[in-house]
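The next block holds one structure in the form of structure tokens; read it before the comments.
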């Protein structure tokens, strides 16, 4: 990015986020009170555009850190001040690089494992935002700025158009090559089994050993409870969960946790 | 930051990180292979300084995300390419904002708790990089670029000069005001009890209910095992751990976990 373009983006950000707007909105329950530059600005309105941009980025970086480190309680939508920040992150290189780092870490960990060789070593993957990307859907719905709409999302899901997250596909294929079984554990409903299988195959995934979807009795519990129960069943069947990949902490925490888990980035939504 | 200063920093970064250095070092076990710009540069050496800067930042952002989301296995030192990035982060506003967001989240969560009113609600805090900052020590030791030296660190610790992390002090005081007991659970050794107490008091901390340090029998286990054991003892004594703050995942994961935990940022070191 050259300096002129950089400056252009700073000015655009300033137009989108006037100081007064930023001031009001940052004092929300999600973000801390506005910090020095915004708070103590003696002459509101003359804030330099790049300073504002920097301030918004710092606060949204802080918010994203809180999301990814599981510090936030349940949240429903991306804070409005961070809508542009999230859009830039997922469409720019940041998201891709973060996904690539976590995929690479999974690969190196898997290659170093001492496996049982008895077909009991398994890796658990979540599906949405872990193996498959719903970014085209979220692009049409404000990248998490709009509250989740299950009916709309189901329409998207039934189009079977979600592309693979490439770094996850690479990890997935290497796990199979190493002789590790792959279990897919998703919050999608049992009634979406065939579209889910079709989408996974379209995206290049093959030879999973189990695809576990929510059936009627599992509806109404949190993902943490549902996924813990299913992992515990795996362990009771004699499987060793050697790794677990998911974009939500509810994919990874709870009972029968894996020794090592891999949290993929997701600043667009939260599932309890 | 004005554009001239911004440009100056980009040029400085380029001087510090030549393309060939970045290329070699990024192909390490910690970071993914160098990405497009560095890898497919047709004429090495003419990489624009701001592109290189952007590339380094993206990769170090990815590394830091992996650290904070607990995706990395044990690591001993900050990757050398990210030394400058970490120095800037902890000395700049990024670290402070991230600390402030997590402190604020803790505060809001605590205020919303339905407390027992029987003196059994407790909040567990780690000490180093959670209540107290050892940044002055790490500033003299490459901000995590040097491998940890226990003897050197002990000398620093015995100086009792670690300042408070202000956002943690604010949370700490509010918890006491709400009637929540504070238990401090640290990897520091029992022989450092008095210097630790003195340092905590110097930094403004008062009225903790317990300060638990490692005694001889707890040496030689991981922090996760030691801290889990101590948390389980609290639960067995009838305490309810309503919150837990720490800068390491080993402060937060394991047995007798808190319902909500607060991971403070720390890109300088890792404790198993």
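Protein chains in written order, with full-length UniProt numbering: chain L, 1 to 272; chain P, 1 to 272.
For glycine and all other residues, C-beta sits at the position ideal for the given N, C-alpha and C.
Given the structure is predicted, the values throughout are model-derived calculations rather than measurements.
CB-CB length for residue i against residue j, believed under 8 angstroms
| i | j | result |
| --- | --- | --- |
| residue 227 of chain L | residue 250 of chain L | 7 angstroms |
| residue 110 of chain P | residue 198 of chain P | Going by Cβ atoms, the distance from residue 110 of chain P to residue 198 of chain P rounds to 27 angstroms, so no, they are not a contact pair. |
| residue 184 of chain P | residue 125 of chain P | 5 angstroms |
| residue 224 of chain P | residue 256 of chain P | That belief does not hold up - the Cβ atoms of residue 224 of chain P and residue 256 of chain P are roughly 12 angstroms apart, past 8 angstroms. |
| residue 246 of chain P | residue 100 of chain L | Incorrect: roughly 28 angstroms between the Cβ atoms, too far for contact. |
| residue 117 of chain L | residue 164 of chain L | Contact flag wrong, Cβ pair sits at about 29 angstroms. |
DSSP beta-bridge partners of residue i
| i | result |
| --- | --- |
| residue 306 of chain L | Since the first residue of chain L shown is 1 and the last is 272, residue 306 of chain L is not available in this structure. |
| residue 191 of chain L | Looking at the DSSP assignment, residue 191 of chain L forms no beta bridge with any residue, so it has no partner. |
| residue 164 of chain L | L/132 |
| residue 210 of chain P | P/183 |
| residue 263 of chain L | L/246 |
| residue 240 of chain P | P/121 |
Residues near residue i in its chain [Cβ-Cβ closer than 7 angstroms; skip 5 each side]
| i | result |
| --- | --- |
| residue 103 of chain L | 167, 168, 170 and 171 |
| residue 176 of chain P | 182 and 207 |
| residue 98 of chain L | 265 |
| residue 148 of chain L | 269 |
| residue 105 of chain P | 262 |
Neighbourhood of residue i by C-beta distance below 8 angstroms, restricted to the same chain and skipping five residues each side
| i | result |
| --- | --- |
| residue 90 of chain P | 135, 138, 143, 267 and 268 |
| residue 115 of chain P | 121, 178, 179, 180 and 242 |
| residue 270 of chain P | 67, 72, 74, 75, 76 and 248 |
| residue 238 of chain P | 120 |
| residue 146 of chain L | 77 |
| residue 209 of chain P | 122, 181, 182 and 183 |
Proximity of residue i and residue j at Cβ, strictly below 9 angstroms
| i | j | result |
| --- | --- | --- |
| residue 211 of chain P | residue 193 of chain P | yes |
| residue 131 of chain L | residue 121 of chain L | no |
| residue 196 of chain P | residue 253 of chain P | no |
| residue 86 of chain P | residue 64 of chain P | yes |
Contacts around residue i, its chain only, beta-carbon distance under 6 angstroms, and the 5 residues preceding and following it disregarded
| i | result |
| --- | --- |
| residue 66 of chain L | 72 |
| residue 190 of chain L | 213 and 215 |
| residue 240 of chain P | 120 and 121 |
Inter-residue Cα distance where the pair is residue i and residue j
| i | j | result |
| --- | --- | --- |
| residue 94 of chain P | residue 188 of chain L | 37 angstroms |
| residue 244 of chain L | residue 265 of chain P | 23 angstroms |
| residue 153 of chain L | residue 59 of chain P | 32 angstroms |
| residue 69 of chain P | residue 107 of chain L | 17 angstroms |
| residue 214 of chain P | residue 259 of chain L | 24 angstroms |
| residue 216 of chain L | residue 222 of chain L | 13 angstroms |
| residue 79 of chain L | residue 92 of chain L | 19 angstroms |
| residue 129 of chain L | residue 236 of chain L | 28 angstroms |
| residue 81 of chain P | residue 151 of chain L | 46 angstroms |
| residue 54 of chain P | residue 84 of chain L | 19 angstroms |
| residue 2 of chain P | residue 202 of chain P | Bear in mind that the predicted position of residue 2 of chain P carries a pLDDT of just 35, short of 50, making it unreliable; the figure below should be weighed with that in mind. Residue 2 of chain P and residue 202 of chain P: Cα-Cα distance of roughly 38 angstroms. |
| residue 277 of chain P | residue 155 of chain P | Past the boundaries of the shown model lies residue 277 of chain P; chain P is included only from 1 to 272, so the question cannot be answered. |
| residue 141 of chain L | residue 162 of chain L | 15 angstroms |
| residue 186 of chain L | residue 218 of chain L | 11 angstroms |
| residue 159 of chain L | residue 133 of chain L | 13 angstroms |
| residue 88 of chain L | residue 200 of chain L | 27 angstroms |
| residue 46 of chain P | residue 96 of chain P | Low confidence applies here, because residue 46 of chain P scores a pLDDT of 48, under 50, leaving its location unreliable; read the following figure in that light. Roughly 35 angstroms separates the two Cα atoms. |
| residue 220 of chain L | residue 127 of chain L | 19 angstroms |
The ligand MG heavy atom lying under 8 angstroms from the CB of residue i
| i | result |
| --- | --- |
| residue 71 of chain L | The ligand MG is not among the ligands present in this structure, which contains no ligands whatsoever. |
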